[in-house]
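There are 2 protein chains.
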Amino acid sequence: MARLGEFEFIRQLLAPLSQGAPGAFNLTDDAATVTVGHGCELVITKDALVAGVHFFADDAPDLIARKALRVNLSDLAAKGAKPVGFLMALALPDQISDDWLRAFTSGLAQDVTAFACPLVGGDTTATPGPLTISITALGEVKTGHFIRRSGALSGDILCVSGTIGDAALGLDAAKGAYEALSQEHRQYLLDRYRLPQPRLTLGQALANRDSACLDISDGLCADVGHICVQSGVGAVIDTTQIPLSAAAASVLRTTPAALMRVLTGGDDYELALAVPPANIAATQEHGRKVGVAVTPIGRFVEGNGVTVLDGNGQPLTLFSAGYRHR
Amino acid sequence: MARLGEFEFIRQLLAPLSQGAPGAFNLTDDAATVTVGHGCELVITKDALVAGVHFFADDAPDLIARKALRVNLSDLAAKGAKPVGFLMALALPDQISDDWLRAFTSGLAQDVTAFACPLVGGDTTATPGPLTISITALGEVKTGHFIRRSGALSGDILCVSGTIGDAALGLDAAKGAYEALSQEHRQYLLDRYRLPQPRLTLGQALANRDSACLDISDGLCADVGHICVQSGVGAVIDTTQIPLSAAAASVLRTTPAALMRVLTGGDDYELALAVPPANIAATQEHGRKVGVAVTPIGRFVEGNGVTVLDGNGQPLTLFSAGYRHR
């Protein structure tokens, strides 16, 4: 472990992140107590990130920290939950410096404040391997309002939040692809890869309203496929309706084959929703209120599997069902 | 990730561990819902284990799994909490085989049943580094009954459960130390290192009765020191009163210097307690009822720091304040 020592790291850098969570006992105990609001149930999720798999080891430490927290908050968002707190286990290689830890916790502090989500506990250990961050995020949702993956019905409209494909194109760009891309667009896509926006306010507005929801981490087609499997329906996606950022549209103009990355690349952390037709106007209005576009891109149908239609209404054959880390 | 594939690993091997937790949705959703009993609060803790740091990579996979769960359950035990469920993030190196995963989950299944603690969620990822297991354990305790580290008062009696030092001596023995030890005693100490016993029933019996509690993971002196720091008191330990297993006593007969390992070695996962004198008989009776000895080994005093007395009542100078992983 770094020069600072485990106990000083916790006391100096991590304990300040627990303010606002009295049950965290300033990170001085073996465990924390957590309470949720009256009439609410606890929602809990856990995602781990490994250097070299989920981020670049030389990425800015503050961005690594914020992404690690945000991918977990994104799961809470997809379930309609409001953050309550999080726990973090860090496995730190020897070469991590105190400066790195300071930058890491400083980034984390920004998002702890931004999302009102204090650190309530965790663990720090050495590792002979890569930096590994495991976060458990806690949220609350009114009892019974949790939005499942399994509620989509044939006839529901398939919607997505924000724009799709940016993160995968950003990862490609970081690896040197899309040389014709402007510096501004390149940076935009990279930022989308490095710092996802958990759609918490949108998710909370949708809780108990729409049929099914998840966050798009494995890729649009794979994740819509997850809703289909869990709901016992199929889905049709109209590629011409998929909302693209200006930067992603610019990539597709010069590299049309990158459409496959938009359809199957991961890490966007936008929401995919099954919306009953009667709810579509209200759902889009919720999106407008919180400043996140909600765009219909297809529909759920009887049957199974995800069919993707090109500009001529012809089914595309996908080469990859989705994105899996390594 | 292994040949089985992430989704099949979850479906075939992990989902069965979620039986008994309806809010886990058979591990098919992004998050789980968790409810605690009426009048109870949620207790949550998180410990990560790394191959080569916390266990040997070639240890039996079922024992690795059970230890990873048990060190977390031990934290719940120390707080007086009853297990509700757990989440697990696994970072798996490529060389992990399906057979290994089957043995790992089979061991986990044993303890899921033994401790009535279902798997409610988690994450699986590849890693270029060592196997890393991060577990978040959830428990419940009657509201206000959580036993803090910070409640010890001057005059309280310092007690420990079970026997002390076995795990550290077992680790030494695994590395070839204590050649004169009988095979039976060697195996006993190794088992104590590899498979700790979370003192859940004892902890639950003590909830809201005794002043302070933690589980001994860093080492007897270091952990009693943690109670002292958090409680603003000092402690005196009488080495002649420390309960030893027959195997540990056998090591000390041939290697008296191993007393230092008993005092400072980690991983016993016994409980250290601050017991008001008026409660001592009841606390020991609780121990008898659940079959775990509770032994007074000293007392808490005004001041600070941990003083260790030898057989002549003279203070020992400790060379190491405790055990830190790596």
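Just so you know, the protein sequences line up as chains B and H, in that order. For the first sequence, the numbering used here assigns the number 2 to the initial residue and increments by one for each residue that follows. For the second sequence, the numbering used here assigns the number 2 to the initial residue and increments by one for each residue that follows. Ideal placement from N, C-alpha and C gives every residue a C-beta, glycine not left out.
For residue i, which residues of its own chain have a beta-carbon under 6 Å away from its beta-carbon, when the five flanking residues on both sides are left out?
i, result
"residue 259(B)", "252 and 253"
"residue 225(H)", "236, 273 and 307"
"residue 167(H)", "190, 193, 246 and 249"
"residue 98(H)", "none"
"residue 238(H)", "298, 299 and 309"
Between which residues of its own chain and residue i is the CB-CB distance below 8 Å, once the five residues before and five after are set aside?
i, result
"residue 161(B)", "217, 221, 243, 244, 271, 272, 273, 274, 295, 296 and 298"
"residue 76(H)", "46, 48, 138 and 216"
"residue 11(B)", "28 and 125"
"residue 315(B)", "none"
"residue 59(B)", "none"
"residue 229(B)", "153, 235, 236, 301, 305, 306 and 307"
"residue 284(H)", "160, 207, 210, 211, 274, 276 and 295"
"residue 103(H)", "14"
"residue 227(H)", "150, 215 and 219"
"residue 108(H)", "61, 62, 63, 64, 65, 66 and 67"
"residue 328(H)", "Coverage of chain H is limited to positions 2 through 327, which leaves residue 328(H) absent and any answer about it impossible."
"residue 303(H)", "155, 234 and 235"
Indicate whether at least one CB of chain B lies closer than 9 Å to the CB of residue i.
i, result
"residue 215(H)", "yes"
"residue 20(H)", "no"
"residue 231(H)", "yes"
"residue 89(H)", "yes"
"residue 273(H)", "no"
"residue 169(H)", "no"
"residue 247(H)", "no"
"residue 115(H)", "no"
"residue 347(H)", "This structure cannot settle anything about residue 347(H), because the visible part of chain H is limited to 2 through 327."
"residue 92(H)", "yes"
What are the residues that DSSP puts in a beta bridge with residue i?
i, result
"residue 300(B)", "158(B) and 237(B)"
"residue 48(B)", "136(B)"
"residue 275(H)", "159(H) and 213(H)"
"residue 89(H)", "123(H) and 136(H)"
"residue 56(H)", "52(H)"
"residue 33(B)", "45(H)"
"residue 83(B)", "141(B)"
"residue 309(B)", "238(B) and 317(B)"
"residue 295(B)", "162(B)"
What does a CB cutoff of less than 7 Å around residue i pick up in its chain, not counting 5 residues either side in sequence?
i, result
"residue 202(H)", "291"
"residue 293(B)", "162, 163, 200 and 203"
"residue 56(B)", "50, 65 and 68"
When you compare the CB positions of residue i and residue j, do they come within less than 9 Å of one another, or not?
i, j, result
"residue 152(B)", "residue 208(B)", "no"
"residue 133(B)", "residue 135(H)", "yes"
"residue 306(B)", "residue 235(B)", "yes"
"residue 187(B)", "residue 61(B)", "no"
"residue 311(H)", "residue 265(H)", "no"
"residue 32(H)", "residue 79(B)", "yes"
"residue 123(B)", "residue 15(B)", "yes"
"residue 87(B)", "residue 121(B)", "yes"
"residue 117(B)", "residue 21(B)", "yes"
"residue 169(H)", "residue 100(H)", "no"
"residue 148(B)", "residue 81(B)", "yes"
"residue 30(H)", "residue 231(B)", "yes"
"residue 43(B)", "residue 145(B)", "no"
"residue 278(H)", "residue 158(H)", "yes"
"residue 171(H)", "residue 129(B)", "no"
"residue 35(H)", "residue 70(H)", "no"
"residue 92(B)", "residue 127(B)", "yes"
I'd like to know whether the C-beta of residue i is nearer than 9 Å to at least one C-beta of chain H.
i, result
"residue 326(B)", "The pLDDT assigned to residue 326(B) is 37, lower than 50, so where the model puts this residue is not dependable, and the model offers no usable value."
"residue 225(B)", "no"
"residue 76(B)", "yes"
"residue 80(B)", "yes"
"residue 121(B)", "yes"
"residue 153(B)", "no"
"residue 13(B)", "no"
Point to revise | Residues from the region 24-48 of chain B in contact with chain H, defined by Cβ distance under 9 Å | key: Those residues of the region 24-48 of chain B that come within reach of chain H (Cβ to Cβ, closer than 9 Å) are 24, 26, 29, 30, 31, 32, 33, 34, 35, 36, 37, 42, 43, 44, 45, 46, 47 and 48.
Review point. In chain order, what residues of the region 123-150 of chain B put their CB closer than 7 Å to some CB of chain H?
Key: Within the region 123-150 of chain B, the residues whose Cβ lies closer than 7 Å to some Cβ of chain H are 123, 124, 126, 127, 128, 129, 130, 131, 133, 135, 137, 147, 149 and 150, listed in chain order.
Point to revise | Contacting positions in the region 46-68 of chain H - beta carbon closer than 9 Å to chain B | key: Residues of the region 46-68 of chain H that bring their beta carbon within less than 9 Å of a beta carbon in chain B comprise 46, 47, 48, 49, 50, 51, 52, 53, 54 and 55, in sequence order.
Review point. Which residues, taken in chain order from the region 198-211 of chain B, show a beta carbon closer than 9 Å to some beta carbon of chain H?
Key: Contact annotation: in the region 198-211 of chain B, no residue has its CB less than 9 Å from a CB in chain H.
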